[in-house]
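In our numbering, each residue carries its 1-based index in the sequence shown increased by 3.
Note that the Cβ used here is the ideal one computed from N, Cα and C, for glycine as well.
Since this is a predicted model, take the numbers as computed values, not measurements.
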Amino acid sequence: MRLQRMAGATPGGGRSSADSRRVSQGAGELLLNHGGLGYIARRGVDFGTSLAVQTLEGLSRLAVQQPLELLSLLPDVVPEVGLALWNLTWLSCSPERVRLRTVRVQPGGKGETWPEAHAALDKLWRDNPQEVGDFHDAMAQNLQMLCFSGMCACEAVPAERGGGVAAVFPVNTLTLRFQRDNSGELTLWQQQTANANGLGLYSAGFGGFFAPMPMQRFFISRLAALPDEPYGRAPFGAALTPVLECLAFMRDLLLAWHRVGTPKWDVGFDFEMWATLARDVVGLADPVEIQQYVQSRYDDAVKFYSDLNPDDAFFHDLKSKVNAVGSGSDWGQVEPIWRILRQRLIQSLKQLPTLMGVVEGDTETWSRVQWDIYSAGLQAMASRAAAPLVRASELHLRLLGMACRVEAEFVPAPTVGRLQEAQALALEIANQARIRDEGWQSQESAAIAITGTAAVAGPPHSQLDDALPQGGTAC
Numbered sequence: 004m005r006l007q008r009m010a011g012a013t014p015g016g017g018r019s020s021a022d023s024r025r026v027s028q029g030a031g032e033l034l035l036n037h038g039g040l041g042y043i044a045r046r047g048v049d050f051g052t053s054l055a056v057q058t059l060e061g062l063s064r065l066a067v068q069q070p071l072e073l074l075s076l077l078p079d080v081v082p083e084v085g086l087a088l089w090n091l092t093w094l095s096c097s098p099e100r101v102r103l104r105t106v107r108v109q110p111g112g113k114g115e116t117w118p119e120a121h122a123a124l125d126k127l128w129r130d131n132p133q134e135v136g137d138f139h140d141a142m143a144q145n146l147q148m149l150c151f152s153g154m155c156a157c158e159a160v161p162a163e164r165g166g167g168v169a170a171v172f173p174v175n176t177l178t179l180r181f182q183r184d185n186s187g188e189l190t191l192w193q194q195q196t197a198n199a200n201g202l203g204l205y206s207a208g209f210g211g212f213f214a215p216m217p218m219q220r221f222f223i224s225r226l227a228a229l230p231d232e233p234y235g236r237a238p239f240g241a242a243l244t245p246v247l248e249c250l251a252f253m254r255d256l257l258l259a260w261h262r263v264g265t266p267k268w269d270v271g272f273d274f275e276m277w278a279t280l281a282r283d284v285v286g287l288a289d290p291v292e293i294q295q296y297v298q299s300r301y302d303d304a305v306k307f308y309s310d311l312n313p314d315d316a317f318f319h320d321l322k323s324k325v326n327a328v329g330s331g332s333d334w335g336q337v338e339p340i341w342r343i344l345r346q347r348l349i350q351s352l353k354q355l356p357t358l359m360g361v362v363e364g365d366t367e368t369w370s371r372v373q374w375d376i377y378s379a380g381l382q383a384m385a386s387r388a389a390a391p392l393v394r395a396s397e398l399h400l401r402l403l404g405m406a407c408r409v410e411a412e413f414v415p416a417p418t419v420g421r422l423q424e425a426q427a428l429a430l431e432i433a434n435q436a437r438i439r440d441e442g443w444q445s446q447e448s449a450a451i452a453i454t455g456t457a458a459v460a461g462p463p464h465s466q467l468d469d470a471l472p473q474g475g476t477a478c
């Protein structure tokens, strides 16, 4: 592997026109030449990996050699992992759940929405390259990277001077490596598979080469981990072992089911009757001939039942019996074992059983507590996924000369208790208003307690009058 000088950097530290292009590279991308179609990572999983994920032994080998890469493939291999990722993505990254807002801080600390800045953000994300999509598409990509690697990142590609940011690209963080420079600062390098100069120059060996990322316009976010673990902790990392356990259990169960061959046909053959027929009807007297006759009739019966089609009828003598034999109660321990394995898998994916299609009895109170805990974790994940995109949006506005703050507003997923929530909110508003009217807090404090932002107007005059002593006047 080898290192490459940052694209566009000059020895004197100046800036060249190459700074207005993307430095990071799409995972698995091979630039054969200018305008080449290249290699689309998801649709072009290499042949060896495609074979490996078809067997339990191949998955176990990938879990040891490339655990995080295997995690990113599991949604297309294991239905439970795919459903968990689906829940996380669409419960937190839809336009109804999150939106961007611009806040211009005024003297005195008050903030207000800036329509011009908001329009500039809308244009940035509306014109973002189609391979990425708008803000919600990019956030969904970041959220999935958080699940698989514990870290998400994006690169803001600047436009021409005075044009702000031209595009924002989420980056596959499994290709990133940290390096500490001489000053002690962490810098990011990306493992790339081809020279991005368009000449089709490939690096020697399997590992590719590492290109530095432009940290002044490269933004990352990670989930909490131990000290000195800058990559974060992958939430789905604990699912590898339960996935392998569940797959091994299902393979053994299907193999046992196949070998038992349930349901089977139990066909009774009356050897005594056929021996009697050989003597009394056919007229055989030699025991050897009688035995051969009975054996031939038995072979005919076996061939008859073996050659039956699914819609054929059974024809047999009155004394012969044909019964269907199933597993009965002999497989009674399968369901409890599977329930334990499935519960471990659901817990490792940080999901509620109900969201995974497992409906179990519980009280309404505990169900509500579980949902509140899950919603809090969901919002925390969503805020981490949006953080790099928010910083890229702020960079866009700064380059346009708009000094304002960009915030991501999250709306919790609705529950069946909306009436109770509305009633609780009404009581909280009444309590805050009463505290304000008693002179114990200001209108600003009451507004922040309820909405999280400063008040846009003072309290109604009627409430002020009620709060004043008899005969008093407002100042």
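Whose CA, out of the options, lies closest to the CA of residue i?
i      : options                           : result
Gln322 : Thr178, Gln144, Met276 and Ala304 : Note on identity: in this sequence residue 322 is Lys, with Gln being the wrong assignment. Nearest option by C-alpha distance: Met276.
Ala406 : Asp269, Trp93, Glu119 and Leu76   : Glu119
Val393 : Arg408, Leu402, Glu232 and Asp79  : Arg408
Glu248 : Ser63, Val168, Ala427 and Met148  : Ser63
Val325 : Asp269, Ala237 and Leu355         : Asp269
Gly271 : Pro233, Cys150, His319 and Val84  : His319
Leu430 : Ile453, Ser445 and Arg164         : Ile453
Arg342 : Thr52, Pro245, Gly455 and Pro238  : Pro245
Ile340 : Leu88, Asp255 and Asp315          : Asp255
Gly455 : Glu115, Gly29 and Pro78           : Glu115
Gln195 : Pro82, Asp283, Leu258 and Ser27   : Ser27
Tyr301 : Asp314, Phe317, Phe274 and Ser309 : Phe274
Val107 : Asn175, Gln435, Pro290 and Glu410 : Val is not the amino acid found at residue 107; the sequence shown has Arg there. Checking every option, the nearest Cα to that of Arg107 belongs to Glu410.
Ala327 : Ser386, Lys267 and Ala449         : Lys267
Asn175 : Arg164, Gly29 and Pro233          : Gly29
Could you pull out every residue in the same chain whose Cβ sits closer than 7 Å to the Cβ of residue i, ignoring the five residues on either side in sequence?
i      : result
Tyr296 : Ala281, Val285 and Leu287
Leu86  : Met359
Tell me which same chain residues have a C-beta within less than 6 Å of the C-beta of residue i, skipping the five on either side of it?
i      : result
Arg102 : Glu412
Ala170 : Asn131, Pro132 and Val160
Pro173 : Ala141, Gln144, Asn145 and Cys157
Leu402 : Gly167
Arg236 : Gly153, Leu226 and Ala228
Val263 : none
Gly240 : none
Gly38  : Bear in mind that a pLDDT of 34 at Gly38, under 50, signals an unreliable position, so the number given afterwards is only what the model happens to contain. Result list for Gly38: empty, nothing under 6 Å.
Arg5   : Here the model assigns Arg5 a pLDDT of 43, short of 50, so the residue's position is not dependable, and the following value carries that caveat. Correct list, in chain order: Phe212.
Gly208 : Because the pLDDT at Gly208 is just 44, under 50, the model does not fix this residue reliably, and the point stays unresolved.
Grab the span of the beta strand (DSSP E) containing residue i for me, first residue to last.
i      : result
Val135 : Counting along the chain, Val135 falls outside any beta strand (DSSP E), and DSSP gives it neither H nor E.
Arg183 : Leu179 to Arg183
Gln194 : Leu189 to Gln195
Glu158 : Met154 to Pro161
Val325 : Val325 to Val328
Arg408 : Arg408 to Phe413
Val26  : Unbroken run through Val26: none, as it is neither H nor E.
Leu214 : Looking at the sequence shown, residue 214 is not Leu but Ala. Segment Phe212 to Pro215, the beta strand (DSSP E) holding Ala214.
Val174 : Val168 to Val174
Val106 : Val101 to Val108
Asp269 : Lys267 to Val270
Arg225 : Phe221 to Arg225
For residue i, report the span of its alpha helix (DSSP H) as first-last.
i      : result
Glu72  : Pro70 to Leu76
Cys249 : Leu243 to Val263
Phe318 : Counting along the chain, Phe318 falls outside any alpha helix (DSSP H), and DSSP gives it neither H nor E.
Val284 : Taken as a continuous stretch (DSSP letters only), Val284 belongs to no alpha helix (DSSP H), as it is neither H nor E.
Ala87  : Pro82 to Ser95
Thr454 : Gln446 to Thr454
Ser309 : Pro290 to Ser309
Trp341 : Val337 to Ser351
Residue i CB to nearest chain D CB: under 8 Å?
i      : result
Ala120 : The question asks about chain D, but that chain is absent: this structure has only one protein chain.
Quick one: what's got a C-beta closer than 8 Å to residue i's C-beta in the same chain, skipping five residues either side?
i      : result
Ala123 : Gly167, His399, Leu400, Leu403 and Met405
Gln382 : Ser95, Phe413 and Pro415
Val80  : Val56 and Leu62
Thr92  : Ala143, Leu146 and Gln147
Give the C-beta separation of residue i and residue j to the nearest angstrom, bearing in mind that I take them to be a contact with Cβ-Cβ under 8 Å.
i      : j      : result
Leu177 : Phe252 : At roughly 29 Å, the Cβ-Cβ gap does not stay under 8 Å, so Leu177 and Phe252 are not in contact.
Ala278 : Ile293 : 6 Å
Ile451 : Ala460 : Not confirmed; about 14 Å, so no contact.
Leu149 : Ala388 : 6 Å
Ala259 : Val84  : In fact, because the Cβ distance is near 25 Å, the residues do not count as touching under 8 Å.
Pro462 : Gln446 : 5 Å
Does the segment 116-130 come within contact of the segment 66-78, defined as at least 3 CB pairs closer than 8 Å? Cβ pair count under 8 Å is below three, so no.
Assess contact between the segment 177-192 and the segment 212-227, defined as three or more Cβ pairs (one per stretch) separated by less than 8 Å. Is contact present? Yes, since at least three Cβ pairs between the segment 177-192 and the segment 212-227 fall closer than 8 Å, the two stretches touch.
Quick check: the segment 387-399 against the segment 422-438, are at least 3 beta-carbon pairs closer than 8 Å? The segment 422-438 is not in contact with the segment 387-399.
Report yes or no: do the segment 135-148 and the segment 434-442 share at least 3 C-beta pairs separated by less than 8 Å? As far as the Cβ criterion goes, the segment 135-148 does not touch the segment 434-442, which means the pair count is below three.
Three-pair Cβ contact test at 8 Å for the segment 53-66 versus the segment 342-356: Short answer: they don't touch.
Any 3 or more C-beta pairs closer than 8 Å across the segment 90-108 and the segment 177-187: Not touching, per the Cβ criterion.
Between the segment 145-162 and the segment 222-229, do three or more beta carbon pairs fall short of 8 Å? Contact between the segment 145-162 and the segment 222-229 is present, because at least three Cβ pairs lie under 8 Å.
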